[in-house]
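From first to last, the protein sequence lines stand for chains A and B.
My numbering puts the last residue of the first sequence at 240; the count rises by one with no breaks.
My numbering puts the last residue of the second sequence at 1240; the count rises by one with no breaks.
No residue lacks a Cβ here, since even glycine has one placed at the ideal position from N, Cα and C.
Data block below; observations after.
2 protein chains.
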Amino acid sequence: MIPPDTHLEIGSLLFEGLDQIDLTGPFEVLSRIPNSTYRIYGKTAEPVRDMKGLRLTPDAALADAPHLDVLHMPGGFGQEALMEDEAVLGWIREQAAGAQSVFSVCTGALLCGAAGLLQGRRATTHWASFHLLAFFGAIPVNERVVVDRNWVFAAGVTAGIDGALRLAAELRGVAAAQTIQLHMVYAPEPPFNSGTPETAPPAILAEARQEVQRMTTQREATAQRIATRLGILVADSAAG
Amino acid sequence: MIPPDTHLEIGSLLFEGLDQIDLTGPFEVLSRIPNSTYRIYGKTAEPVRDMKGLRLTPDAALADAPHLDVLHMPGGFGQEALMEDEAVLGWIREQAAGAQSVFSVCTGALLCGAAGLLQGRRATTHWASFHLLAFFGAIPVNERVVVDRNWVFAAGVTAGIDGALRLAAELRGVAAAQTIQLHMVYAPEPPFNSGTPETAPPAILAEARQEVQRMTTQREATAQRIATRLGILVADSAAG
Chain A
1 MIPPDTHLEI
11 GSLLFEGLDQ
21 IDLTGPFEVL
31 SRIPNSTYRI
41 YGKTAEPVRD
51 MKGLRLTPDA
61 ALADAPHLDV
71 LHMPGGFGQE
81 ALMEDEAVLG
91 WIREQAAGAQ
101 SVFSVCTGAL
111 LCGAAGLLQG
121 RRATTHWASF
131 HLLAFFGAIP
141 VNERVVVDRN
151 WVFAAGVTAG
161 IDGALRLAAE
171 LRGVAAAQTI
181 QLHMVYAPEP
191 PFNSGTPETA
201 PPAILAEARQ
211 EVQRMTTQRE
221 ATAQRIATRL
231 GILVADSAAG
Chain B
1001 MIPPDTHLEI
1011 GSLLFEGLDQ
1021 IDLTGPFEVL
1031 SRIPNSTYRI
1041 YGKTAEPVRD
1051 MKGLRLTPDA
1061 ALADAPHLDV
1071 LHMPGGFGQE
1081 ALMEDEAVLG
1091 WIREQAAGAQ
1101 SVFSVCTGAL
1111 LCGAAGLLQG
1121 RRATTHWASF
1131 HLLAFFGAIP
1141 VNERVVVDRN
1151 WVFAAGVTAG
1161 IDGALRLAAE
1171 LRGVAAAQTI
1181 QLHMVYAPEP
1191 PFNSGTPETA
1201 PPAILAEARQ
1211 EVQRMTTQRE
1221 ATAQRIATRL
1231 GILVADSAAG
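Dropping the structure here:
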């Protein structure tokens, strides 16, 4: 827990083609952290569209971001286009180096990996990309939220809400996180039990894997290139 | 369930000062309903800000919306400014009359009430406004998701995700909803048990009530005026 009188600068990266709830789920929590400023940063300050077309506008461009105490990295298909974008990766590297906490949601973890920040770190990501963590030298942990020292990883998409509440508690204590949870009325009652590969009906899982197959194949090739660049040896089981 | 080959026009109302996750939570589901078009409509097509400053941009203005098959009404403090806005209320009334389904999240229910649509209907809303449902002639039901014929009501804020999955199942069947749930990795694990007035620590609930007291008082006065206009007699227990 950080002293309550220490002001926190919290920032999210916003990019074209993100999965919007990777950002907007945590937004609900991060925008309510006591004694903090929360802003959203894009490559430019222009609006972008999420995977399904939601238009979101950054508060400022990356170059205008202050030193961040908390860096939040969402994911989504659009992450793939940034995996070799040195301007963005450099910004992530620099902000992460100075941050008290880094919070990765979904395939935001792959961006952190491409920035070289996951080596030796326990991490998680979306189930469809979970096998790629090894390419970045991470230690994959199949849990919804993984805390490794000052990093918090949330698995896929809506896991960002759970991760953000964990982060809020790390930053400002349990009572602050509970207050935010009450405001959000976060007492979920999923009407079905189909939220993970382990619980979804097999036919639905197979179809979902098929739907993302092309993106997964592309991500595998990118991860392989980055592993080579970072000098990471990947066991055949992961690479296969 | 609607025949799968019937195309659905789905629309959300976006307004200044909404609670963004009332829209962005359901967005994740509504944007993935098979054989549908999903768009967001504002009083104008200009960007608005949510309660905490997130900039969101409508796809089009209300006047340019087609006949909607599914109408989604989010809530948030900004709902209060629309409670006597006849242009918006008229649009809600007209769209709801022609819709297959109406989906209310949080204090979106109060807007539906102001439009005269809740009389005799089982409904729910955010805990801080729950006592106001009676002013609109609704039958208050303290559940997270309430389905009344072709209406789905979600209680506060994140309940919109659960409600949207219920709605998806009503529209396109359980398998379609399960597929969306897997994509969203919606297998929540709240780190604390503080999401409802019944479960939050009493001190945290008292503080949260205090924080929204001014808004609640204003909403009570508005609800009273609207009850009078609609000719609804409110029992003393609710009015007090």
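Item: Who are the Cβ neighbours of A1099(B) in its own chain at under 7 angstroms, not counting the five residues just before and after it?; Value: L1068, D1069, V1070 and L1071
Item: Can you tell me which residues form a DSSP beta bridge with L8(A)?; Value: S36(A)
Item: Between G1108(B) and the rest of its own chain, which residues show a CB-CB distance below 7 angstroms, the 5 nearest in sequence each way excluded?; Value: D1022, M1073, P1074, G1075 and Q1079
Item: Whose Cβ in chain B lies nearer than 8 angstroms to the Cβ of Q20(A)?; Value: T1024, F1027 and E1028
Item: Express the C-alpha separation of I1010(B) and V88(A) in angstroms, rounding to a whole number.; Value: 36 angstroms
Item: Since F153(A) meets chain B, which of its residues come closer than 9 angstroms, beta carbon to beta carbon?; Value: Within 9 angstroms Cβ-Cβ: nothing; F153(A) doesn't reach chain B, min ~13 angstroms.
Item: Which residue from G116(A), G160(A), F192(A) and E189(A) puts its Cα closest to that of A223(A)?; Value: G116(A)
Item: So that I know if they touch, is there some Cβ in chain A lying closer than 8 angstroms to that of A1239(B)?; Value: Residue confidence is low: A1239(B) scores 49 on pLDDT, short of 50, so the model does not pin down where it sits. No coordinate-derived value is stated.
Item: Distance check for G1025(B) and A128(A), CA to CA, integer angstroms please.; Value: 21 angstroms
Item: With 8 angstroms as the threshold, decide whether the Cβ of L13(A) is near any Cβ in chain B.; Value: no
Item: From G156(A) to G1195(B), what does the alpha carbon distance come to, in whole angstroms?; Value: 21 angstroms
Item: Spatial neighbours of G8(A) within its chain, please: CB distance less than 8 angstroms, with the 5 preceding and 5 following residues excluded, ordered by chain position.; Value: It is Leu, not Gly, that sits at residue 8(A) in the sequence shown. The residues are I2, I33, N35, S36, T37, D69, V70, Q100 and L171.
Item: Using beta-carbon positions only, say whether A45(A) and T1179(B) come within less than 8 angstroms of one another.; Value: no
Item: Under the DSSP definition of a beta bridge, which residues are partnered with H1131(B)?; Value: None; H1131(B) has no bridge partner.
Item: At 8 angstroms on the CB atoms, spell out the chain B contacts of M184(A), in chain order.; Value: I1021, G1156, V1157, T1158 and G1195
Item: Using a Cβ-Cβ distance cut-off of 8 angstroms, determine whether D162(A) contacts chain B.; Value: yes
Item: Using a C-beta to C-beta distance shorter than 9 angstroms, which residues of chain B count as neighbours of R144(A)?; Value: V1185, A1187, P1188 and E1189
Item: Nearest by alpha-carbon distance to L167(A): which of E16(A), L132(A) and E28(A) is it?; Value: E28(A)
Item: Looking only at its chain, what residues have a beta carbon closer than 6 angstroms to the beta carbon of F1244(B), apart from the 5 residues adjacent to it on each side?; Value: The question about residue 1244(B) has no answer here: the residues shown for chain B are numbered 1001 through 1240.
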